[in-house]
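A.B. asks:
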Amino acid sequence: MSVPSAGLSLAADFPEATRADWQTLVLQVLRKSGVATEATTPGEVEELLATRTYDGLRIRPLYTAENTPAGGVGLPGFAPFVRGGRAQGAGTGGWDVRALHDNPDATLAAEAVLADLENGATSLWLRLGPAGLPIGGLGAVLREVY
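Position in the sequence shown (first residue = 1) + 116 = my numbering.
#1: Is Ser125 helix, strand or coil when you go by DSSP?
#2: Check the C-beta distance from Val98 over to Val142 and give it rounded, since I have them as a contact under 8 Å.
#3: For the beta strand (DSSP E) that contains Ala215, what are its first and last residues?
#4: Assuming the contact rule is C-beta atoms closer than 8 Å, Ala228 and Asn219 should be a hit. Round their C-beta distance to whole Å, please.
#5: If you draw a straight line from the alpha carbon of Pro131 to that of Trp138, how long is it in whole angstroms?
#6: Leaving aside the five residues before and after Arg174 along the sequence, list all residues of the same chain whose C-beta is less than 7 Å from its C-beta, in chain order.
Written out as structure tokens, the structure reads:
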């Protein structure tokens, strides 16, 4: 669960996609599946894929910045509370990057834990017991964690 420190470009090598690109590609899939006909236009695909909740709310298949209300959606912890009731969000620092470790070898687990914490993990999920690290090895795994 370690990440190389350099050369990680993620999506940098892909061309930027537009909403029209997405609609065109989705229309091709919908035509092949029989949901759309040859007469269906790319502009109609979002309505074909939209659903309604039991209480009548429309859920779109794709949300982008174009769908943000003109006044914005506010800040977490402030009215109208559409982004949560705490300014910090759900995690301690607003969000949480948790790394799972279940290696039964305490030495290897300790190395992996430190590598994850040094590379951005903000919390740990340690699987203990028969399916992971023996409980007796917990102290050794966390010895260098401050």
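Even for Gly, the Cβ is constructed at its ideal location relative to N, Cα and C.
C.D. replies: In short, the structure shows the following:
#1: Your numbering for residue 125 matches position 9 in the sequence shown. Coil at Ser125, not helix or strand.
#2: The structure shown does not extend to residue 98, since the chain spans only 117 to 262, so no value can be given for it.
#3: Along the sequence shown, one-based indexing puts residue 215 at 99. Its beta strand (DSSP E) spans residues Arg214 to His217.
#4: Position 112 of the sequence shown, counted from the first residue, corresponds to residue 228. Position 103 of the sequence shown, counted from the first residue, corresponds to residue 219. The beta carbons of Ala228 and Asn219 sit about 6 Å from each other, so the pair counts as a contact at 8 Å.
#5: Taking the first residue of the sequence shown as 1, we reach residue 131 at position 15. Taking the first residue of the sequence shown as 1, we reach residue 138 at position 22. In a straight line, the C-alpha of Pro131 is about 13 Å away from that of Trp138.
#6: Looking up residue 174 in the sequence shown gives position 58. Ala166 and Arg168, listed in sequence order.
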